[in-house]
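2 protein chains.
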Amino acid sequence: MTYCVGLMLKEGMVFMSDTRTNAGVDNISTFRKMFAWDVPGDRSITIMTAGNLATTQAVISLLEERSKAVEERNPSLLKAESMFQVATLVGDTLKEVISDNAEEGQRADSGFNATILVGGQIKGGAHRLFMIYPEGNFIEASADTPFFQIGETKYGRPILVRAFDPEMSFDDAVKLLLVSFDSTIKANLSVDLPLDVRVYKTDSYECEHAFRIEANDPYYLDISDGWGGALKEAFGRLPDFDLNKT
Amino acid sequence: MTYCVGLMLKEGMVFMSDTRTNAGVDNISTFRKMFAWDVPGDRSITIMTAGNLATTQAVISLLEERSKAVEERNPSLLKAESMFQVATLVGDTLKEVISDNAEEGQRADSGFNATILVGGQIKGGAHRLFMIYPEGNFIEASADTPFFQIGETKYGRPILVRAFDPEMSFDDAVKLLLVSFDSTIKANLSVDLPLDVRVYKTDSYECEHAFRIEANDPYYLDISDGWGGALKEAFGRLPDFDLNKT
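Order-wise, the sequence lines are chains A and B.
Under my numbering, the first sequence has 429 at position 195, and the numbering climbs by one with no breaks.
Under my numbering, the second sequence has 362 at position 128, and the numbering climbs by one with no breaks.
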């Protein structure tokens with residue numbers, strides 16, 4: 235499995251993805267699931283993938299190849315005029331890869347499906363975040379639903395639902411995502427560190443902060459160790475239940 | 235969907251189940267998923283069900299019918315000599331119902347599967363908790379894994395993993411389950427109040443506390459409202475992240 239989250243903040247966007255892939259519990263590996271296309275001053279695009287690894291790698295390779303020689307190839311992420319066009323392009327590529335695999339050759343035990351988050355900003359437009367389905371269509375984050383999760387989304391959702399606030403700072407947003415990822419990692423073998431992070435400030439047209447959090451990262455360990463205690467304290471402060479009153 | 239949890243404590247056992255069933259989001263109903271067979275002084279057995287409602291209702295009806303005229307009918311929950319025999323009987327009944335449906339008649343779009351938690355104590359044995367699979371086989375809770383969840387388990391798991399302690403009191407255990415259920419209810423439409431609760435004290439051979447928590451229960455609302463704030467406070471007390479140090 236996989237866990238990736240994209241947050242829309244007032245200040246900009248924060249993306250985080252894990253790196254664990256597995257084909258059964260006896261075959262786990264580390265693969266990057268976050269990819270970026272940056273043209274400083276013009277655009278910054280971040281893509282995160284969940285699902286069949288062969289599918290997502292093929293999609294990324296096709297998008298990559300088509301953006302290398304921009305003049306010759308079309309369509310390209312580097313020539314798209316809006317984030318909507320970017321999402322359409324990624325959706326079309328995803329659909330193309332899945333149907334190529336599904337229609338021909340051997341039948342697979344598992345599906346070829348994948349889901350993709352695409353976020354960023356292109357000069358002349360707003361910063362936008364899309365979730366792209368295996369069918370190639372997509373939905374966009376809004377003020378009512380300012381974040382998307384893909385992959386193993388359930389364990390880490392309650393803390394996002396309770397504590398996420400689009401007004402929060404980048405620092406707080408990264409911290410919140412680490413708590414959400416830690417809750418998932420503690421409960422599910424199919425999500426694990428290292429974690430990839432990208433932070434995009436609105437109207438900057440470049441990604442100022444792109445980094446990886448390794449398994450032995452001291453701040454991550456502080457959060458992971460501290461959250462158990464903090465939760466127990468929070469639990470202790472809630473009013474007590476009294477069985478004898480039932 | 236459904237959410238049910240059974241906890242093994244040093245003091246005894248606590249069971250909680252929701253009551254929402256759905257066949258699509260446009261067809262939701264309230265059904266009890268917790269059932270009990272109590273013979274004060276001899277045995278106290280609690281069963282919670284998740285999965286296809288027709289299957290689980292048939293299983294409960296069969297178990298019920300077979301225990302009504304104990305002298306005539308065998309096997310019966312009221313005659314089983316150990317909790318292991320109870321689990322075997324429930325497993326066999328579940329398997330029988332599923333295979334009856336699966337082998338004959340029309341094919342259904344959805345599966346006939348169900349999963350069942352069975353816990354309790356029979357005089358002469360220890361209190362035990364089992365999770366029964368659709369295939370009729372089962373696993374038992376132990377010191378290493380002292381609780382089982384069935385149904386929509388993921389949202390409510392992180393708080394159980396972090397805060398559950400077999401040494402905790404019944405009062406704290408009910409409070410913890412309410413937090414776990416509230417996290418699930420907040421994130422997923424397919425789980426909802428009222429919640430059924432049963433508390434069994436080891437070697438009491440009767441269930442002293444069996445009650446229902448309604449949607450407007452003031453204590454539940456306190457927990458639900460308070461937990462958001464408590465989580466935010468806990469989050470605030472964790473060390474801050476600083477992007478500029480990455």
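Every residue, glycine too, gets a C-beta built ideally from N, C-alpha and C.
Computed from a predicted model, the values in this text were never measured in an experiment.
CB contact flag (residue i, residue j, <8 Å)
i	j	result
Val293 (chain A)	Val331 (chain A)	yes
Ser301 (chain B)	Leu312 (chain B)	yes
Gly353 (chain B)	Thr280 (chain B)	yes
Asp405 (chain B)	Leu477 (chain A)	yes
Asp430 (chain A)	Ser295 (chain A)	no
Met247 (chain B)	Pro400 (chain B)	no
Tyr454 (chain B)	Ala421 (chain B)	no
His361 (chain A)	Thr289 (chain A)	no
Phe381 (chain A)	Gly240 (chain A)	yes
Ala444 (chain B)	Pro428 (chain B)	no
Leu472 (chain B)	Gly460 (chain A)	yes
Ala314 (chain A)	Leu323 (chain A)	yes
Asp276 (chain A)	Lys409 (chain A)	no
Gln383 (chain B)	Arg396 (chain B)	no
Ser417 (chain B)	Glu245 (chain B)	no
Val413 (chain A)	Ile393 (chain A)	yes
Leu297 (chain A)	Thr255 (chain A)	no
Ile350 (chain B)	Ile366 (chain B)	yes
DSSP-derived helix/strand/coil call for residue i
i	result
Glu442 (chain A)	coil
Tyr367 (chain A)	coil
Glu374 (chain A)	strand
Ala449 (chain A)	coil
Gly390 (chain B)	coil
Leu410 (chain B)	helix
Phe404 (chain B)	helix
Leu297 (chain A)	helix
Asp272 (chain A)	strand
Gly359 (chain B)	coil
Arg432 (chain B)	strand
Asn286 (chain A)	coil
Leu241 (chain B)	strand
Met317 (chain A)	helix
Gly325 (chain B)	helix
Ala464 (chain B)	helix
Ala486 (chain A)	With chain A running from 235 to 480 in the structure shown, residue 486 (chain A) is simply not present.
Leu351 (chain A)	strand
Ser506 (chain B)	No answer is possible for residue 506 (chain B): the residues shown for chain B start at 235 and end at 480.
Phe249 (chain A)	strand
Thr480 (chain A)	coil
Arg396 (chain A)	helix
Arg266 (chain A)	coil
Ser310 (chain A)	coil
Gly470 (chain B)	helix
Phe221 (chain B)	What is shown of chain B runs 235 to 480, which leaves residue 221 (chain B) out entirely.
Ser417 (chain B)	helix
Ser458 (chain A)	helix
Counted within 10 angstroms of its Cβ, other Cβ atoms place residue i as buried (16 or more) or exposed
i	result
Lys267 (chain A)	buried
Phe269 (chain B)	buried
Leu423 (chain B)	exposed
Ile457 (chain A)	buried
Pro368 (chain B)	buried
Ile262 (chain A)	exposed
Phe475 (chain A)	buried
Phe265 (chain A)	exposed
Ala377 (chain A)	exposed
Ala348 (chain B)	buried
Ala375 (chain A)	buried
Ala257 (chain A)	exposed
Expected contact under 8 Å - CB spacing of residue i and residue j to nearest Å
i	j	result
Tyr221 (chain A)	Pro309 (chain A)	Because chain A is modelled from 235 through 480, residue 221 (chain A) falls outside the range shown and cannot be assessed.
Cys441 (chain A)	Ser278 (chain A)	5 Å
Ala468 (chain B)	Glu386 (chain A)	Contact doesn't hold; Cβ gap of about 23 Å is too wide.
Tyr237 (chain A)	Phe364 (chain A)	About 18 Å separates the two Cβ atoms, so there is no contact after all.
Phe249 (chain A)	Arg432 (chain A)	5 Å
Gly370 (chain A)	Gly325 (chain A)	4 Å
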